[in-house]
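Residue 108 in our numbering sits at position 101 of the sequence shown, and the numbers go up by one each step. For every residue, glycine included, the Cβ atom is placed at its ideal position computed from N, Cα and C.
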Amino acid sequence: MNNFMKILDKVELKRIENTVKISERQHGFTKGKSCMTQIFLLKSTLEYRKYYRNGKGRDSYILFIDFSKAYDSVNRIRLLEKFKAKNVKNDSWKIISQMLKGEQTTLV
């Protein structure tokens with residue numbers, strides 16, 4: 008992604024942050040959080056369940072899902088429909104739509 012697109016990406020992110028609510032449980036790609044904070048929370052929870060439940064350890068089951076290629080498989084039309092449903096402003100929606108289509112975007 009070239010520098011202009013990176014700047015445009017940040018501008019659009021700021022414009023829609025207040026419109027689209029991101030779960031407090033989301034740590035990856037979230038300002039002030041990271042996957043490492045999520046790992047810490049997971050480890051703490053497992054230790055609590057193992058040692059501090061009145062001396063009785065509890066079984067815990069964990070499922071890990073690899074989303075490394077998830078972005079490439081996103082249905083972009085549906086993603087844009089979700090943005091519209093969340094009332095993302097029309098200008099932002101047009102810019103995001105153009106970015107997802109790989110077309111050039113011009114800001115006036």
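Counting the other Cβ atoms within 10 Å of the Cβ of residue 29 gives fewer than 16, which makes it exposed.
Between residue 20 and residue 102, the C-beta gap is not smaller than 9 Å, which leaves the two residues out of contact. Where residue 66 is concerned, there is no enclosing alpha helix (DSSP H), because DSSP gives it neither an H nor an E. Straight-line measurement puts the Cα of residue 104 at about 10 Å from the Cα of residue 98. Inter-residue distance for residue 53 and residue 66 is about 9 Å (C-alpha atoms, whole angstroms).
Going by DSSP, residue 44 is part of the alpha helix (DSSP H) stretching over 42-58.
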